[in-house]
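Right, one structure below, let's go through it.
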Amino acid sequence: MPTSVHQLDDGAWLSVNDSREVNVSDLWWLARHEFCDCAMADFLAEGFVEIGVDYPNVEGRIAGQCIACGESGVTDWLTLGRVVDPEEGTFSPVDTESVHIPRRRQRLADASE
Ligand SMILES: [Zn+2]
C-alpha cells in the first residue's frame, strides 16, 4: 500500500500510515551540513517543516536550533526512518543519536528522465 506521511500537532509528530512514529523533540548530530558554522551541529529539533517519502526512506526538514552556537533555522532533508515493510506499512525510525547528514533533494528531478 502507498506510504502516507503527515506531520501532526504543528510539526511535533511525524505520522506514518496514521500512526504517530517520531516525536520531534530530539537532539540530532548533524555532519556535513550547511545549517551553521559548527563542524558537528548539536541540533535541537523543534518542529517538522516538510515531510516526504523517498521510498524506502521517510525524510523531513526540521526547524530547530544548534545548541552549540545558537544558530536557528531549518535543516536540509534528513532521513527520519525507513519503511521496512510496505505491505504492512511497518516503519523503523532512525537513531537520532547517531550522525546524520542532511542533503538537498535532487532525486525527484532525476526521476523524470
Ligand atoms: Zn552550530
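Residue numbering for the sequence shown follows the numbering used here, starting at 1 and increasing by one per position.
A virtual CB, placed ideally from N, CA and C, is assigned to each residue, including glycine.
For A45, the CB stays at least 7 Å from every heavy atom of ligand 1.
If only uninterrupted beta strand (DSSP E) runs of at least 3 residues are considered, those enclosed by the segment 1-81 are 5-8, 13-16, 19-23, 27-31, 40-54, 57-66 and 72-74. Of D10, Q7 and V16, the smallest CA-CA separation from V84 is found for V16.
One thing to note: E46 has its Cβ within 8 Å of the Cβ of G64. In this chain, S98 is not harboured by any beta strand (DSSP E), its DSSP state being neither H nor E. Between the C-alpha atoms of L80 and T90 there is a straight-line separation of about 14 Å. Each residue's CA atom was taken as its position, placing D10 and I62 some 12 Å apart. Within the chosen limit of 7 Å, ligand 1 does not reach the beta carbon of A12 with any heavy atom.
About 18 Å separates the beta carbons of L27 and D37, which is beyond the 8 Å limit, so they are not a contact pair.
Here N57 is not near R32, since their CB atoms are 8 Å or more apart.
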